[in-house]
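Residue numbers (the UniProt record's numbering): 1 to 293.
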């Protein structure tokens, strides 16, 4: 039945029987037969078909959601069995929030690949909220998020501390004026922040609550790189990870504002399921700890 689910998922994602057949190296009639057999087994139609599209109906939505989880668990089961006799190898699905994924993760992957080339990592970069959901659904073997996940559904462990700094464009009056600044002195500034659900946005809101003030104007942007470019262009100030701004500060593209109580600290945490871990996952976690240490 796992093959029927795999064919079903591919048809849904390609929205086309012919394209799914081509990618699966099957004939279109064979794909159609797999779908018919699955629908007969489930007891209802799962797809709405026309000459132009293939779409999920309500029952199909339920089956698709669980099929993805079942296939991910099947892959993990096979990997665990393989691990009994083999070295660390095989696929490894890694997810990370933007700051960690864009500025730290590539270095960890490069280190691991030099020592364990048989591991085949795939990377998904999303905001913290989305990474948590993907780990819950078994779409990821491990998630690396900003902050800490407090529910019992997943195993969460803090692996590193991150310093958050306030940055401004060169020539900004808060950089040139040499007096001791408080967070309240920044209330009139335009703040450029990440979207809701982002760990970086959560850190900024925690800082505002601790400092008992709310910025008069907030611009919400969907990526750290866009925020950095906007700060450099003079659009406003922002709270960003030291990892994300290291090159810009070193090269003099922007400056950090010295404020009482900074740097503001947050954590990076890893999320995994509590069941057995593959050798590939254990190897990656070891490489991650080694790099962060």
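A virtual CB, placed ideally from N, CA and C, is assigned to each residue, including glycine.
Predicted model, so just to flag it, every value in this text is computed and none were measured.
Annotated three-state conformation of residue 55 is strand, per DSSP. In the structure shown, residue 268 adopts extended strand secondary structure according to DSSP, grouped into three states.
Note that the C-beta distance between residue 54 and residue 15 is below 8 Å.
In the three-state reduction of the DSSP assignment, residue 190 falls in the strand class.
The C-beta separation of residue 281 from residue 142 comes to about 6 Å, placing the pair in contact by the 8 Å criterion. Between residue 162 and the set 146, 28, 172, the nearest pair of CA atoms involves 146. Distance from the CA of residue 111 to the CA of residue 149, rounded to the nearest whole angstrom, comes to 27 Å. For the pair residue 28 and residue 41, the Cα-to-Cα distance works out to about 20 Å. Taking 8 Å as the cut-off, the Cβ atoms of residue 137 and residue 68 count as close.
For residue 106, the enclosing alpha helix (DSSP H) stretches over residues 105 to 115. Leaving aside the five residues that flank residue 254 on each side, the residues in its chain whose CB is nearer than 8 Å to its CB run, in chain order, 167, 168, 169, 170, 228, 231, 232, 245, 248. Around the beta carbon of residue 251, fewer than 16 other beta carbons sit within 10 angstroms, so the residue counts as exposed. Taking a cut-off of 8 Å for Cβ pairs, the stretch 173 to 182 and the stretch 257 to 265 touch, as three or more such pairs fall below it. Counted as a single uninterrupted DSSP element, the stretch harbouring residue 293 is not any alpha helix (DSSP H), since DSSP gives it neither H nor E. Residue 119 and residue 93 have their C-alpha atoms some 10 Å from each other. Here residue 157 has 269, 270 as same chain residues with Cβ atoms under 7 Å from its own Cβ, once five neighbours each way along the sequence are excluded. Around the C-beta of residue 283, 16 or more other C-beta atoms lie within 10 Å, and the residue is accordingly described as buried. Boundaries cannot be given for residue 236, as no beta strand (DSSP E) includes it and DSSP labels it neither H nor E. Between residue 9 and residue 71 a beta carbon distance of about 7 Å is seen, short of the 8 Å cut, so the two are scored as contacting. Spanning the alpha carbons of residue 129 and residue 62 requires a straight line of approximately 22 Å.
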